[in-house]
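Enquirer: Shown below is the structure under consideration.
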Amino acid sequence: MLREERHQAILERLQLHGKVIATELSQILSVSEDTVRRDLREMDSLGLLHRVHGGALPKSPSAAHFEDRQRDSVESKEKLAEAAISLVRNGQVILMDGSTSTLRVAERLPHHLMATVITNSPPIAVALAAHPKIDVVMLGGQLHKNSLVNIGAATVEALSKIRADLCFLGVCSIHPEIGISVPYLEETYVKKQMIEASSEIVALATADKLGTASSFIVAPTHALTYLITDHEVPDETLQPYRQLGISILRG
Numbered sequence: 001m002l003r004e005e006r007h008q009a010i011l012e013r014l015q016l017h018g019k020v021i022a023t024e025l026s027q028i029l030s031v032s033e034d035t036v037r038r039d040l041r042e043m044d045s046l047g048l049l050h051r052v053h054g055g056a057l058p059k060s061p062s063a064a065h066f067e068d069r070q071r072d073s074v075e076s077k078e079k080l081a082e083a084a085i086s087l088v089r090n091g092q093v094i095l096m097d098g099s100t101s102t103l104r105v106a107e108r109l110p111h112h113l114m115a116t117v118i119t120n121s122p123p124i125a126v127a128l129a130a131h132p133k134i135d136v137v138m139l140g141g142q143l144h145k146n147s148l149v150n151i152g153a154a155t156v157e158a159l160s161k162i163r164a165d166l167c168f169l170g171v172c173s174i175h176p177e178i179g180i181s182v183p184y185l186e187e188t189y190v191k192k193q194m195i196e197a198s199s200e201i202v203a204l205a206t207a208d209k210l211g212t213a214s215s216f217i218v219a220p221t222h223a224l225t226y227l228i229t230d231h232e233v234p235d236e237t238l239q240p241y242r243q244l245g246i247s248i249l250r251g
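Numbering (the UniProt record's numbering), first residue to last: 1 to 251.
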């Protein structure tokens, strides 16, 4: 089997099963495990999958620039945001991490809501500037231009002095075994501190983020309190998350 044919077969199996295991691929493709590992390394470098120990997982779709992600899965993100609003209460201190999904939540917060929103996302702060009853606290730091969030030691230090009731976490990738992961190392430190600073953690994840992995681990998946995802995601896909004690909401 030619190299290109192996790569295509690997991608097809990855799409079908949500993961590939090197030892199984070796048998299916009738090649050595060294050849399979070399194929997986090449495919990882091309952005076709995410190589992990013993195999590979689907690549996260979320490494694109913020403005490009704004145009993706627009209807799905709006539905997730509507489901997220049900978790918000008057008087809460709410941490909002930067993502296109959490921005949708900010844009839909009810005008009667009285709360404090703390965010490292300039787009979210701007979206809430005209809200009549929400106090907005903007976390400083260095602007990560690709994700449009503030990061760095100043951001983490500010978060260490906060105790929030609820955190809407931006999620690039989530896998029940691998955990919550992101493509940029600098973002992990801020997200970790947001999780530590909050009583309840909410992740909004469109279907294409489930079962995927990025390069840097933020936290184990069971750190989440709620996972909000698309209505059409099959129950069998969500069952591993439920087994971790996570409450599932559908948009």
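Think of the CB as a built atom: it goes at the ideal place given N, C-alpha and C, for glycine as much as any other residue.
Between V182 and S198, what straight-line distance do the alpha-carbon atoms span, to the nearest angstrom?
Expert: Cα to Cα, V182 sits roughly 19 Å from S198.
Enquirer: L57 by DSSP, collapsed to three states: which one?
Expert: Residue state, collapsed to three classes: strand.
Enquirer: Do you know offhand how far G18's Cα is from D135's?
Expert: G18 and D135: Cα-Cα distance of roughly 42 Å.
Enquirer: Using a Cβ-Cβ distance cut-off of 8 Å, determine whether K209 contacts chain C.
Expert: Of the protein chains in the structure, only one exists, and it is not chain C.
Enquirer: In the structure shown, what three-state DSSP assignment does V202 receive?
Expert: It is a strand residue.
Enquirer: Between which two residues does the alpha helix (DSSP H) carrying S173 extend?
Expert: Note, S173: premise wrong, no alpha helix (DSSP H); beta strand (DSSP E) at 173 to 175.
Enquirer: Within its chain, find whatever has a CB closer than 8 Å to the CB of R250; leave out the 5 residues flanking it on each side and keep chain order.
Expert: These residues qualify, in order along the chain: A83, I228, T229, D230, H231, V233.
Enquirer: Quick one, which of F216, A207, V171 has its alpha-carbon nearest L224's?
Expert: The shortest C-alpha separation from L224 is found at V171.
Enquirer: How many angstroms separate the CA atom of R37 from the CA atom of A22?
Expert: When rounded, the distance between both Cα atoms is 7 Å.
Enquirer: Just to confirm, is the Cβ distance from S173 to S60 under 8 Å?
Expert: Yes; because the gap between Cβ atoms is below 8 Å, this pair is in contact.
Enquirer: Where does V149 sit, in a helix, a strand or coil, going by DSSP?
Expert: In the structure shown, V149 sits in a strand (DSSP, three-state: E or B).
Enquirer: With a threshold of 6 Å on Cβ separation, who are the neighbours of R6 within its own chain once the five nearest residues in sequence on each side are excluded?
Expert: Answer for R6: L29, D39, listed in chain order.
Enquirer: Indicate the three-state DSSP secondary structure (helix, strand or coil) for D165 in the structure shown.
Expert: Three-state result, D165: strand.
Enquirer: Do you know whose CA, among L103, T116, K79, K77, lies nearest G91's CA?
Expert: Here the closest residue by C-alpha is T116.
Enquirer: Would you check if the segment 187 to 196 and the segment 213 to 223 touch, i.e. whether three or more CB-CB distances between them fall below 8 Å?
Expert: They touch, by the three-pair rule.
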